[in-house]
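Peer 1: Below is the structure I would like to discuss, written out as structure tokens.
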Amino acid sequence: MSDQMNSRAARRQQMENERKHGSKKKPKKNNKMIIKKILLGIVALGLAILVGGAGLFAFYASSAPDLDEKLLKDPLTSNFADMNGDIFMKFGQEKREFVPYEDIPEEMRDAILATEDVRFFKHHGMDFWRLGGAVIANFRSGFGSQGASTLTQQVIKNSFLSDQKTLKRKAQEAWLAFKLEREYKKEEIFEMYFNKILMGGLVHGFGTAADSFYGKRLDELELHEMAMLAGLPQSPNGYNPFKNPERAEKRRNIVLGLMYKHDKITKEEMEAAIAIPVTQTLLPEDQRKDTQNSKYLAYVDIVLDELEAAGMTDLLSEGVTIQTALDPKAQQSVENAINTATYESEEMQAGMTVLNTKTGEIVAIGGGRNYSGRNLNFASGDNQRQPGSVIKPILSYGPIIENESWSTGQIVVDEPYKYKGTDVSIQNVDGKYHGAMTIREALYKSRNIPAVKVFEESGTKKASAFANKLGFNYEKMDSSNSLGGGTYEVSTMQMAGAYAAFGNGGIYTKPHAVKKVILRDGKTERGLTPDPVAAMKDSTAYMITDILRDVISMGTGKTANVQGLDMAGKTGTTNYSSDQKQKYNLKNTDVPDSWFTGYTTEYTISVWGGYKDYATPIRSTGEGGRAVPQTLFRTVMTELVAGKTTPHFKQPSSVEETRIIKGSNPIVLAGNTIPDDMTSKELFVRGTLPTEVEEIEVLTEIEAPTGLSANYDEGSQSISLQWSHNAPDEELFDGQVQFDVFVAVDGSEEQKMTSTEENSVTFSGAEPGRTYVFRVIARAGDLESSPASTSLLIEEQIEEPEIDEEEFEEDQNDDQNENNNNNGNNGNNNNNGNNGNNGNNNDGGSGNNNGSSDGSSGNDGSNPGTGGSEPGAGGNTGGTDDSGDE
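Okay, so the sequence shown: first residue is 229 according to this note's numbering, each after it adds one.
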């Protein structure tokens, strides 16, 4: 009894403790209940999702279009419209070769199925095994990153649906694929795909492609050719073997690998086919057939590339309208210019891209000489080449102005220099060094060493970031990239897009030909215009533009100049390495590429010139060689702006222009007293002007010469002039003081003798008996002193003759008698000789025929004087000559 009471008390105590502190063990029953609820919740959620998904699928499927056999088998014609809305091409009108299923070679079918849909004959329109793999990939990389479309789905998409990666479209595609599998046999569905799929350019269907690429029927194709064709539908233009043989060969080899993986061919067959170059059996270029009669094929090529990149190639079979930015007049101008230009050989080529500077729209494309759509497009990404010096504004000068706010007057030294961290010396094109110069001068003269120095100052990270905002893809860089060398290559489209940003205030819009796609209903539109982005400050854009103006006006791009047009641009050439020169047996002057990219506020044009084969060099430097890009630019730009007013580049408020002391480092501003020839006008980012200003004493007047003297030398008959002058400080003016010397003779008009820097001068040919007046004026620049003057009379020296004394006395007596006789009352000869003619005295004296003015009343005189030649004009007999014999 006692034990029982103790037991009850112990249990009560235990219960009390559990009530206060809680039980340490959870009941197993509660755990099972929670797990059961979770599972029921998951099942309920799954059922709800399934029901909701089924309902949504049913809703989407109910709005799917009906199957139309005509649409399943034949592509609809799509329209390509230019900038004015005019149709310039109807895509899909070309002749196609329809191949029945039974005529398709088994190996061709195997190549297609191994590549596109290996379980085609086992599924019912949807391949759920493949779909599972695609779902996992989409969870990892985002919706739409990997497709799981069967051949059946591709036929549906190509015939009825847009290429939008939406849940609605995928639901409709799945439903229509299921319906298609119920209404048509597998062989019929395969036949639809085989004959309708786009194979590149304007070619639809494998049968047409076999003829276009190889000139063969399907049953004549070799294994490697079938594999190449089977790989095309994924990227018809990208894997086009005519244009991109390397990419095409890689894709073909993937197809061969898939055929081997799925036991369609043996390993030996795969390896044998891989060993054949993809270009080996392609049609030669002169035998390739045009499958259309369209105009502007180079432009169409760009349109197709853009649609393919956007995943919209399939829309071309749906009767859509592709609205483009094509300017027909500009396109015609480009084609004419490229086809008629002077080239150094028949094989030399050129590519050109013309953009609207403000919008980035491609208004014209020059794919090459006589472009047929079946060859390499030299304007597009098909033809990427090293850019040479045309990259300098993008990798060197743009980044340093953008990030460091350098002025265009910043000094950089052109001197012997090596790439940073290497022993490799950099060479300028002329092999010379020009010393200290502004970055403006370094860029417009295209000096290599300054460009590398500026690039290294900015740094690779900032340079690549700047370039990548302009449409490039620079990652790992070194200093050689700043001169356009290295592994990175560009197209005229990329280069035009980057330069257009300089001309558009720093706003970059990716070059594009397609503006929008209008679907078959005429209402639904798919816009493809890229968004503009601010790639740089407007100050950077304008300062680079202002320097590039000088490239055309006085630098390396003068051949491209269009008179009277505000334009900017840059030249570029590339070089072969030493190993390449030796390998290809080239001269030092040979170059592989020549560039010119230039722009106005309205148009941007980038031009490349060279050869399809990189090993073939441009040899001439003239019009038909390296100058081809500049010549083509000038020709096309001249036609584009004809009859139009092109606005000038406008300096933004973020930039200020001022005069600086030429060659100053650091930069010193030029005051108002500094002569223009000691200064240059340069641009600064607002707020970065230097504070130091230099002024000089202004020379406002110049002293007159002093102590001017004139001394006559009888022996040389010359006058020596001498003077003194207190010259001003030479720092106040440029050059030496000049003296202007003037002379006037006997009161005649003053004549300038000479200008001299000396303080003396000799006047030759002085004559006795004449008076000379001299003036000397000092000049310094535009200043002129007061004159110093002096005069000199050179007296005439008369030689006195020797006289015989006896004769002298007789003459004196004779003279006295004559005087007495001539003193008549009425015969005074008052007008002695006024009307007589002078005669010559043989003794050197001057004898006058002194006649009376009233000869009738005079006495008969004696004979005329011996000095006269005839009697005086007024008398009958004439008067006596007063001068005598001498």
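All residues carry an ideal CB built from backbone N, CA and C; glycine is no exception. Source: prediction; values computed, not measured.
In or out: LEU449 buried (at least 16 other Cβ within 10 Å) or exposed?
Peer 2: buried
Peer 1: Does any heavy atom of the ligand ZN sit closer than 8 Å to the C-beta of ALA500?
Peer 2: In terms of ligand content, the structure shown is empty, and the ligand ZN therefore cannot be addressed.
Peer 1: Please list the segments of the alpha helix (DSSP H) lying wholly inside the stretch 569-653, counting only runs of 4 or more residues, in order along the chain.
Peer 2: 626-632
Peer 1: Name, in chain order, the residues that DSSP records as bridge partners for ALA972.
Peer 2: VAL1001
Peer 1: Cα-Cα, which of LEU583, TYR1000, THR916, MET456 is closest to PRO739?
Peer 2: LEU583
Peer 1: Quick one: give me the first and last residue of the alpha helix (DSSP H) that LYS478 is part of.
Peer 2: 473-489
Peer 1: Mapping the DSSP letters down to three states, classify GLY1083 as helix, strand or coil.
Peer 2: With a pLDDT of 39 at GLY1083, under the threshold of 50, the modelled position of that residue is not reliable, and no figure is offered here.
Peer 1: Can you tell me which of the three DSSP states PHE308 falls into?
Peer 2: strand
Peer 1: Have a look at LYS471, VAL641, THR1018, THR585 and flag the residue whose alpha-carbon is nearest the alpha-carbon of SER600.
Peer 2: Of LYS471, VAL641, THR1018, THR585, the residue nearest in Cα terms is LYS471.
Peer 1: Do ILE775 and LEU698 have their CB atoms nearer than 9 Å?
Peer 2: Cβ atoms of ILE775 and LEU698: not closer than 9 Å.
Peer 1: Are ILE332 and PHE441 touching if we call contact CB-CB under 9 Å?
Peer 2: no
Peer 1: Output the residue ranges of the beta strand (DSSP E) runs that lie fully inside the stretch 733-788 and measure 3 residues or longer, sorted by chain position.
Peer 2: Whole beta strand (DSSP E) segments, 3+ residues: 742-746, 753-755.
Peer 1: Considering only residues of the same chain and omitting the five flanking positions on each side of THR901, which have a CB-CB separation below 8 Å?
Peer 2: GLU923, ILE924, GLU925, VAL926
Peer 1: Using only the alpha-carbon positions, how far apart do GLY935 and LEU671 sit?
Peer 2: 55 Å
Peer 1: Taking 7 Å as the limit between beta carbons, can you name the residues of its chain near GLN577, skipping five residues before and five after?
Peer 2: Excluding positions up to five away in sequence, the list reads GLY596, ARG597, PHE606, GLY838, TYR839, LYS840.
Peer 1: So VAL883 is in the beta strand (DSSP E); what residue range does that whole segment cover?
Peer 2: 883-889
Peer 1: Can you grab the Cα-Cα spacing for the pair ASN564 / THR844, in whole Å?
Peer 2: 25 Å
Peer 1: Our contact map puts THR720 next to SER545 with C-beta atoms below 8 Å; I'd like the distance itself, whole angstroms only.
Peer 2: Going by Cβ atoms, the distance from THR720 to SER545 rounds to 31 Å, so no, they are not a contact pair.
Peer 1: Among THR688, TYR625, SER686, LYS690, which residue has its Cα nearest to the Cα of ARG675?
Peer 2: TYR625
Peer 1: Provide the residue span of the alpha helix (DSSP H) that contains TYR661, from first to last.
Peer 2: Segment: none, TYR661 is in no alpha helix (DSSP H) and carries neither H nor E.
Peer 1: Does ALA553 pass the burial test, meaning 16 or more other C-beta atoms within 10 Å, or should it be called exposed?
Peer 2: buried
Peer 1: So, do the stretch 634-646 and the stretch 659-669 have three or more beta carbon pairs nearer to each other than 8 Å?
Peer 2: yes
Peer 1: Skipping 5 residues on each side, what residues in its chain have a beta carbon closer than 6 Å to that of SER988?
Peer 2: GLN950
Peer 1: Let me confirm a value: LEU535 is counted as buried when at least 16 other C-beta atoms fall within 10 Å, else exposed. Which label applies?
Peer 2: The C-beta of LEU535 has 16 or more other C-beta atoms within 10 Å across all chains shown, which makes the residue buried.
Peer 1: Using the three-state DSSP reduction, which class does ASP818 fall into: helix, strand or coil?
Peer 2: Of the three classes helix, strand and coil, the one that applies to ASP818 here is coil, per DSSP.
Peer 1: Comparing C-alpha positions only, which one of ILE895, THR587, TRP403, ILE930 sits nearest to VAL761?
Peer 2: THR587
Peer 1: Please classify SER1074 as buried or exposed, where buried requires at least 16 neighbouring CB atoms within 10 angstroms.
Peer 2: For SER1074, the predicted structure reports a pLDDT of 39, less than 50, and the residue's modelled location is therefore unreliable. A value from the coordinates is still provided. Label assigned to SER1074: exposed.
Peer 1: Pull the bridge partners of LEU897 from the DSSP assignment, please.
Peer 2: In DSSP, LEU897 forms a bridge with ILE888, VAL921.
Peer 1: Check this for me: beta carbons of ARG1003 and GLU978, under 9 Å apart or not?
Peer 2: yes
Peer 1: DSSP on ARG516, reduced to helix/strand/coil?
Peer 2: coil
Peer 1: At which residues does the alpha helix (DSSP H) containing LEU430 begin and terminate?
Peer 2: For LEU430, no alpha helix (DSSP H) segment is defined, and its DSSP state is neither H nor E.
Peer 1: Look at LEU911 and THR715 and say whether their C-beta atoms are less than 9 Å apart.
Peer 2: Going by beta carbons, LEU911 and THR715 fall outside the 9 Å limit.
Peer 1: Report the three-state DSSP secondary structure of ASP905 (helix, strand or coil).
Peer 2: helix
Peer 1: Excluding the five sequence neighbours on either side, which residues of its own chain have a C-beta within less than 7 Å of the C-beta of ILE654, listed in chain order?
Peer 2: TYR645, LYS646, TYR647, ASN676, ILE677, VAL680
Peer 1: In this structure, how does DSSP classify THR178 when only helix, strand and coil are distinguished?
Peer 2: Residue 178 lies beyond the residue range present for the chain, which begins at 229 and ends at 1114; the question has no answer from this structure.
Peer 1: Check each candidate in GLY428, ALA558, GLY485 and name the one with the smallest Cα separation from LEU457.
Peer 2: GLY428
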